[in-house]
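Start counting the sequence shown at 1; every next residue gets the next number (this note's numbering).
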Amino acid sequence: MAVPTLTPSSQTSKVILPVTGTHSEVTLAKLPFGYYASGGNLHSVNFVSGAVEQVAYTYRKLGGDVLDIELKAQNVYAAYEEAVLEYSYLINTHQAKNVLDTLLGRTTGSFDHQGQITSGDTLSGSNIALTFPRFQFGYAKRVGDATSTEVGLGGQQSIYSASFSTTVGQQDYDLQTIISSSAANDNNIGYPYYNKIGNKRVTVRKVFYKTPHAMWRFYGYYGGLNTVGNLHQYGQFADDANFELVPAWQNKLQAMAFEDNLWTRTSHYSYEIKNNKLRLFPDITITHPEDMWVEFTVDEDPWVPSTDFKDSTEGVNNLNTLPFENLPYRNINAIGKQWIRRFALALTKEVLGQVRGKFGAIPIPGESVTLNYADLLSQAKEEQEKLREELKTILDEMVYNKLAEQEATLTENVNKVNATIPAGIFVG
């Protein structure tokens, strides 16, 4: 008996993968998501062509010209779409590693069910995942701002000032009560801290008082020591003085010493604060100074935005709020498209294995044919995992800090090579 010739033209199955796809079939209605298909938000004619060609690629790779493949072209289109979305996911997570620190606190967006920024959003159409953002210190700067506030050198937390009148014979003043009542007073609606205290604790940063300015400490504590000319440019118009040329840093040090003297030696009072209760030393026996001033901050939950200025608490805070969308198909290069083809083939194998696994074996006269669903499922899972790991490994070697290390190594090696090259002697 002659061996029969197996042919894909067999009609024993109603579902057979065609030799190639059809452009008109790659539509929104024929795909699970349809983002890149005709009618989708990310529609690309090149995606349609790629999906059609993937059918022919799958047909040849799985031996459709020898035995029937129990799939529809739509199954291949769906696998191709999933492969593009998987590639977009991996590339976006890679880019997130590069730029998350820089984008912390920056503008985020609102996203639709596709993961696209909604129409009308300020970031709509910006394609931030495709940009190369300028480096900024991100969270390190946020830490620095908090430290600056604590040491009194700036920061982002609002520092308010308030004053209260002293009373003869009274040493103790409850600053928390004084500030809270002042903030709640409707007559003080113009105060920066109006209606912002309530039962929140205030942190006192500084306590001071002011004295009359007229001719007070005009020459500082150097007056009469024949060194005024060292401090100011008006020395030749003041009393007799010595004149010297001095570097600028000396004046800076003198200014620091001058300020330190004011705080340490010239004040008539000192104080201590316990639980925001101020005690003045010595006891005030005359109404001088009439007013004491305090600078303070208001304790807020760290996620509450400032009412005085925009402080980025409502911006990007982690991977989830990065304004990254699905990659446009036109921005995927040859490297990415080849990975997509391979991954789509692995996905198609998985679907074919699931289909054949529903039958297990097909009875024939006097025998049965066992289908290779187990091999297909095993191969599909293994290939998908290998492709993911392959791409992740490559991307991990290309994060920005790794590239900087490579450049540093390259520069060092080039310098070593240049050091071995004899330097020419210049003859003029």
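We put the beta carbon where it would ideally sit given N, CA and C, even for glycine.
{"Check": "Could you name the residues of the same chain whose beta carbon sits closer than 7 Å to that of G353, not counting the 5 residues immediately before and after it, in chain order?", "Outcome": "Y373, L376, L377, A380"}
{"Check": "Tell me which same chain residues have a C-beta within less than 7 Å of the C-beta of G424, skipping the five on either side of it?", "Outcome": "none"}
{"Check": "Based on DSSP bridge pairs, tell me the residues matched to K386.", "Outcome": "For K386, which the question treats as bridged, DSSP gives no partner whatsoever."}
{"Check": "T280 to D172, Cα distance in whole Å?", "Outcome": "Note that residue 280 corresponds to Leu in the displayed sequence, not to Thr. The alpha-carbon atoms of L280 and D172 are separated by roughly 7 Å."}
{"Check": "Going by the beta-carbon positions, is the gap between E295 and K206 smaller than 8 Å?", "Outcome": "yes"}
{"Check": "Would you list the residues sitting across from T297 in a DSSP beta bridge?", "Outcome": "T203"}
{"Check": "Report the rounded CA-to-CA distance for S339 versus T20, giving the unit in angstroms.", "Outcome": "The displayed chain sequence assigns Trp, not Ser, to residue 339. The alpha-carbon atoms of W339 and T20 are separated by roughly 20 Å."}
{"Check": "If we ignore side chains and look at the alpha-carbon of each, how far apart do G40 and T27 end up?", "Outcome": "8 Å"}
{"Check": "Can you give me the Cβ contacts of A83 inside the same chain, cut-off strictly under 6 Å, excluding the 5 residues immediately before and after it?", "Outcome": "I340, F343, A344"}
{"Check": "Could you tell me the boundaries of the beta strand (DSSP E) in which K274 lies?", "Outcome": "270-274"}
{"Check": "What are the complete alpha helix (DSSP H) segments, minimum 4 residues, inside the stretch 48-106?", "Outcome": "73-103"}
{"Check": "Tell me the DSSP bridge mates of D172?", "Outcome": "R279"}
{"Check": "Would you mind reading off the limits of the alpha helix (DSSP H) that contains F343?", "Outcome": "334-357"}
{"Check": "Between the Cα of A162 and the Cα atoms of V204, G154, G169, which residue gives the shortest distance?", "Outcome": "V204"}
{"Check": "Excluding the 5 residues preceding and the 5 following G155 in the sequence, name in chain order all residues of the same chain whose CB lies nearer than 7 Å to its CB.", "Outcome": "D145, A146, S148, T149"}
{"Check": "Using 8 Å as the threshold, is the C-beta distance between G105 and V316 below it?", "Outcome": "yes"}
{"Check": "Checking the sheet assignment: what are the DSSP bridge partners for Y160?", "Outcome": "F296"}
{"Check": "Which residues mark the beginning and the end of the alpha helix (DSSP H) in which Q250 is found?", "Outcome": "248-261"}
{"Check": "So, K14 versus Q74, is the Cβ gap smaller than 8 Å?", "Outcome": "no"}
{"Check": "Can you tell which of F164, M292, Q170 has the C-alpha that lies nearest to the C-alpha of S181?", "Outcome": "F164"}
{"Check": "Decide if the stretch 380-398 is in contact with the stretch 107-123; the criterion is three or more beta carbon pairs, one per stretch, under 8 Å apart.", "Outcome": "no"}
{"Check": "So what's I394 in DSSP terms, helix, strand or just coil?", "Outcome": "helix"}
{"Check": "Report the rounded CA-to-CA distance for N92 versus V45, giving the unit in angstroms.", "Outcome": "23 Å"}
{"Check": "Return the first residue and the last residue of the alpha helix (DSSP H) that L130 is part of.", "Outcome": "No alpha helix (DSSP H) contains L130, which DSSP labels as neither H nor E."}
{"Check": "Going by DSSP in three states, V417 sits in which element: helix, strand or coil?", "Outcome": "helix"}
{"Check": "I'd like to check one pair, K402 with L90: are the Cβ atoms closer than 8 Å?", "Outcome": "no"}
{"Check": "With C-beta atoms as the reference, is S447 less than 8 Å away from T118?", "Outcome": "For the chain, the structure presents residues 1 to 428; residue 447 sits outside this window and is missing."}
{"Check": "First and last residue of the alpha helix (DSSP H) that includes A37?", "Outcome": "No alpha helix (DSSP H) contains A37, which DSSP labels as neither H nor E."}
{"Check": "Figure out for me which residue from D68, F33, D121, A37 has the closest Cα to the Cα of L17.", "Outcome": "D68"}
{"Check": "So, at 7 Å on beta carbons, what are the nonlocal neighbours of L262 in its own chain, with the 5 sequence-adjacent residues on each side left out?", "Outcome": "none"}
{"Check": "Going by C-alpha distance, which of N413, T166, V355 is nearest T285?", "Outcome": "T166"}
{"Check": "CB-CB under 8 Å to K210, same chain, minus the five flanking residues each way: which ones, in chain order?", "Outcome": "P289, D291, W293"}
{"Check": "From the DSSP output, read off the bridge partner residues of I117.", "Outcome": "F111"}
{"Check": "To which residues of the same chain is V282 closer than 6 Å at the C-beta, ignoring the five residues directly before and after it?", "Outcome": "For the record, residue 282 in the displayed sequence is Pro; it is not Val. Nothing listed; no residue qualifies."}
{"Check": "In whole angstroms, give me the CA-to-CA distance for K72 and E81.", "Outcome": "15 Å"}
{"Check": "How would you call I335, buried or exposed, if buried means at least 16 neighbouring beta carbons within 10 angstroms?", "Outcome": "exposed"}
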